[in-house]
Every structure is written in C-alpha cells, then in structure tokens.
Amino acid sequence: MMTGAGHYFDGTTSARHAVTIETGPEALRILRPDGAAVGEWPYGELRAQPAPDHVMRLRRAGGPELARLEIHDPALIAEIDRLADSLDRSGGTERRLRKRVIGWSIAATVSLVLVAVFGLPALSDRLAPLIPLSVERRLGAAVDTQVRAMLDTGRSDKPLECGAADAEKRGRAALDTLIGRLEGAAGLPIPFKTAVVRRREANAIALPGGHIYVFEGLVSQSRSPDELAGVIAHEIGHVAHRDGTRSLLQAAGLSFLFGMLLGDFTGGGLVVIAARTVVQSAYSREVEAYADLYGVNLMAKAGGDPRALATILERIAGATDSGSTLWRDHPETKARVASINAMAAGLVTPSRPLLSPPEWAALQKICG
Ligand SMILES: [Zn+2]
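Take -9 as the starting number for the sequence shown in the numbering used here and just add one per residue.
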C-alpha cells in the first residue's frame, strides 16, 4: 500500500480539500487530515480527466460530475497508473510513439536511398539543418557523458568542472556574465551550457545541442576577457551552424540515422565515435572560416573587441608548444588571423573590455 497527498474537490463547492490518498487492494481510499474517510473509489471506476503534465486528475464513474481528485506526487501517480488498468492514460502516448516510429522508418528508408544517391558528406550537409533541435539536444546529452569521460584524466582529485568550490564561485559568476553577454547577442534557440574544465591545453570545444567546454589552459592563456570571449564566440559559431551535428552525421553515418530511428543515442559505439569526433573537432578550413566570421560579428554585437580572436590566435600559435588541438587542428593560422582582422576592419573596437577588472580577476581563478 502506498500513501500520498492530494486534493479533493467535492463538486458542489469550489473548496479544495487537502487529503491523504491510500492505494488499497481494490480502491483508492481518500482520507481527511483527521483520518476520517471521504470516500473509496474502486480502481475500475477511476476515469482520467484532461490535466497538465505531471498532474493526475481523476473522476469516479457514476459519481458526482464535478467531484475530482488531483495528485501531483509522481510516485503515487505511477502507482495508480499501475493499479488502475481502466485509466489508459498511456494510450495516447503509445499512439504518438507508434506514429513517430513510422515517421522515422520512412525517414531512415529515404535516407538510405539518399546516401546511395548523394554520398554521405554531401548528404550530411543537407540533413544537419533539418534535424530537430530536440533531437540535437538529446544527441548532445548522450555525447556529453562520453566527452566528459574522455576529458577527465582522473589525475586531479578535484572535479573535472571548475567553479563549484567556494573559492571558485565568483569565477563561475563572472563566466556566467560573459556567456550571458554572448548568448544575449547570439539569440539562438539553443540555450548554452558552458563549463570550464581542468585541462591544461588552450582549447575549447562545442558539442551538438549547445554544450561548450572551455579548457582551463585557455582561461589562463587569455590576457583579456575579450580574448577568451573571442574563442568562445567562435565555438558558438560552430553551435549556430550545427557543425558538430554535421560532422557526427559524417563520422557515424548510418548508425546515427538508426539512432534517430530508435530514439536512442546511448547504446553502443555511436556515442564513442561521436565524442571522439567532437573532441578532435577537426573541421575543414572553410567551416572554420565561417565560425570565425560568426565569432567576429557576435563579438561586435555583444560589445566586445571583434579582433580579440585574432590576437589570442596569433600569440598562442606563435608559442613553440601550446599543447593545444585548437590551434594545431586549425591550419594556416597566419592567413586566418589576417582574414579575421579583415572581417573586423569595419567594426567598432570598444573602449572597455567585456568584464570589469575584478570580474576578470575572479574568472581567472575559476579553477582555484
Ligand atoms: Zn573551430
């Protein structure tokens, strides 16, 4: 037997009575706070009424038309769903699910034909913009777990993600301010999830669905908030252009499509392939140039220095061993720096950095 809280409406007055609900063997028992019984509703006579998500609204067949029970407790709702076969609250869900599977089956079949006709790279370019954001978010979440495992070397006894300890919280707040400026200017339909992680490389990566990982080494090698923001703005460019999703489509190919078909990205090798692709983030020069262009414009829109990306790029690429994939995998740095500066030529260079000096000092200590 399970007990939980609910509300009872007697159908004659508008009063809402707090009640205790017990799941008896044959019926729901509704009790007043003083323990007196309000009623017993046999499971077979329960009828579900339209209700918002996460709320169960019940009526008793043959009972007063407006008398009803409202339950918010998820455990109790699940138990009543289990006990009362007549409710069939899942019927609608099942029908929706069946429709979706049919939809995805058609999509997968069409995709197979298209792969045969166009080849995978060209198809990935065409498909990436069509993938619903909800699917991209789920894919991102599945890849995220794997990416974290790959980033976490386990050498430090501190957590992978910086900003949680008391001494790091002001840094986290400063990061949120910086990201907020960029996010507000970008106005994308994808909410960002940004974290600084304990990795020495001067790098940043973007996952499908809006996860952005900034490496500790990038924070420490940035000489101004705008330099750091410039690199993050470039990564936001990859998110906006859905480059991660496109490269996953290319790398994982058909297994991605079947993952979509089954609505399950968590199983098997797909996620591992996907995570490796994202961490290596080896995009073509053209894709990088578009992300640079996006980043430069975003920085200008956010009131930051549109040249800052070129400044940090030039400095770090000039260092003998930055130990960083960001710069190694971004070829022809000199040409890139020149073209970023050309893109920024007509844009205003602000007189103030994106963060105040105390905020920037705090952000530099985000990893303690
Ligand atoms: Zn890039």
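For glycine and all other residues, C-beta sits at the position ideal for the given N, C-alpha and C.
Judged by their CB atoms, alanine 38 and proline 23 are not nearer to each other than the 8 Å cut-off.
The stretch 300 to 308 and the stretch 341 to 357 do not touch, with fewer than 3 CB-CB distances between them shorter than 8 Å. In this structure, DSSP gives lysine 159 a helical state, which the three-state scheme calls helix. Ligand 1 has no heavy atom closer than 7 Å to the beta-carbon of alanine 98.
Selection Ala281, Lys324, Val338, Tyr280 evaluated against glycine 294 yields Val338 as nearest (Cα-Cα). Ligand 1 never approaches tyrosine 280 closely enough for any of its heavy atoms to be under 7 Å from the residue's Cβ. DSSP places methionine 140 in the helix class (H, G or I) of the three-state scheme. Annotation for histidine 228 indicates a beta carbon within 7 Å of some heavy atom of ligand 1.
Remark: the shortest separation between the CB of histidine 224 and any heavy atom of ligand 1 falls under 7 Å. By the neighbour-count definition (other C-beta atoms within 10 Å, threshold 16), serine 4 is an exposed residue.
Taking the Cβ of tyrosine 284 as the reference point, every heavy atom of ligand 1 lies at 7 Å or farther away.
Where methionine 46 is concerned, the enclosing beta strand (DSSP E) starts and stops at 46 to 50. Contact check between the stretch 128 to 147 and the stretch 321 to 336: fewer than three CB pairs, one atom from each, fall below 8 Å, which does not count as touching. Taking C-beta atoms under 8 Å as the contact rule, serine 329 and alanine 279 qualify, at a distance of about 7 Å.
At least 8 Å separates the beta-carbon of tyrosine 203 from that of alanine 192. Secondary structure note for glycine 227: its alpha helix (DSSP H) is the uninterrupted segment 215 to 230.
The nearest non-hydrogen atom of ligand 1 is less than 7 Å from the C-beta of tyrosine 273. Straight-line spacing of the CA atoms in leucine 353 and arginine 188 works out to 14 Å.
Residue pairing by DSSP leaves glutamine 270 without any beta bridge partner. In the DSSP secondary-structure assignment, arginine 275 is not bridged to any residue.
Looking at the DSSP output, proline 32 shares a beta bridge with Ala17. Nearest Cα to arginine 116 within the set His231, Thr10, Val262, Ala264: His231. Straight-line measurement puts the Cα of alanine 17 at about 6 Å from the Cα of glutamate 30.
Judged by beta-carbon spacing, alanine 290 lies beyond the 8 Å limit of glycine 234, meaning their Cβ atoms are not closer than that value. DSSP places glutamate 349 inside the alpha helix (DSSP H), whose first and last residues are 347 to 354. By the criterion of a C-beta distance shorter than 8 Å, alanine 281 is surrounded in its chain by His224, Glu225, Gly227, His228, His231, Asp233, Tyr273, once the five residues flanking it on both sides are discounted.
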